[in-house]
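The structure appears right after this line, and notes come after that.
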Amino acid sequence: MRPTDQPLTRGLALITGASEGIGQAFSTALAEAGTNLLLVARRQDLLEAHAQRLRDRHGVTVTVLPADLSRRDEVERVLLAAREHGVRLAVLAAGRGTSGPFSSASIGTELDMLMLNCAAPLVMTHALAHDFSSLGGGAIVLFSSLVAFQGVPHAAHYAATKAYVQSLVEGLAPELAAKNVRLVACSPGPVASGFAKVAGMTLGPTDHPDRVARETLAALDGSRTTVRPGLVGKLLQWSLGLAPRRLRVWIMGRIMGGMTARQPTHVGAAG
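Reminder that position 103 of the sequence shown reads as 119 in the numbering used here, one-by-one numbering, no gaps.
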């Protein structure tokens, strides 16, 4: 089923991390399908510029809401706006990544990432699942990763945050399905976005954010709980899946060690 065939794409969607990368790709795909949007990101200038492009090209209504989702009060403000606008689809793409030696990292930076990658999706999923159940249905997309399925040296905490999201989705999806609320984990491999550059990573082959968005939206038909979008992501997931977990940790450590600079930890954020 194509994204444009999905009933959930015909209402209003909340996209976090919408100013660039994967979040921006989701907002573009949904605007092309005629979906009105509530876009959230930290950078108001980038968000406003992208929103205006979507209005001009696709004629949809786009509301922007600058917010830093590493702060609980800002999360609550976004949830209030989602209720006021009648959101029925939420794509929670805002995230942050770190790389490099964990012992050299700023604990404040790591705690901010924990809030953005884990606590914010938890709070928002809890509230939105309740709201969507009361409204008769809806859908939520959370972001896992290729690194969620084993520990990853040189990105240990980032991988741990994605493992949390993956486990949360696998456990909650059957519960919410009984209430007509779809919960999907998008689990991409390397993606061509600004995320890796800011996080101090040098990538090899990558998938395009547009493909990630379209394959994930197509899964809202309920056929899958975890979506592994893109050719590169699928190949990496398949090859790593054949190895024992301990070997996967070693392989991912070698890969990440080659991707990250041998310097104090870098941080990259989406939205």
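Heads up, the beta-carbon is just placed ideally off N, CA and C, and yes, glycines get one too.
{"query": "Would you call the CB atoms of Ser35 and Arg59 closer than 9 Å?", "result": "yes"}
{"query": "Tell me the rounded alpha-carbon separation between Thr232 and Ala259.", "result": "26 Å"}
{"query": "Can you tell which of Thr114, Thr141, Phe118, Ser120 has the C-alpha that lies nearest to the C-alpha of Met129?", "result": "Thr114"}
{"query": "Specify, as a first and last residue, the run of the beta strand (DSSP E) that Val163 falls within.", "result": "Where Val163 is concerned, there is no enclosing beta strand (DSSP E), given that its DSSP letter is neither H nor E."}
{"query": "So, using beta-carbon positions, are Arg93 and Ala106 closer together than 9 Å?", "result": "no"}
{"query": "Give, in chain order, every unbroken run of the beta strand (DSSP E) that is at least 3 residues long and sits entirely within the stretch 78-158.", "result": "78-82, 105-108, 111-115"}
{"query": "Label Gly238 either buried or exposed according to how many other C-beta atoms from any shown protein chain fall within 10 Å of its C-beta, with 16 as the threshold for buried.", "result": "exposed"}
{"query": "I need the DSSP call for Ala229, collapsed to helix, strand or coil.", "result": "helix"}
{"query": "Report the partner residues of Leu54 according to the DSSP bridge assignment.", "result": "Leu30, Thr79"}
{"query": "Could you pull out every residue in the same chain whose Cβ sits closer than 7 Å to the Cβ of Tyr180, ignoring the five residues on either side in sequence?", "result": "Cys134"}
{"query": "Among all the DSSP beta bridges, which residues are the ones paired with Ala201?", "result": "Leu158, Thr242"}
{"query": "Closest to Arg6 by C-alpha separation, out of Val157, Phe165, Leu251, would be which residue?", "result": "Coverage of the chain is limited to positions 17 through 287, which leaves residue 6 absent and any answer about it impossible."}
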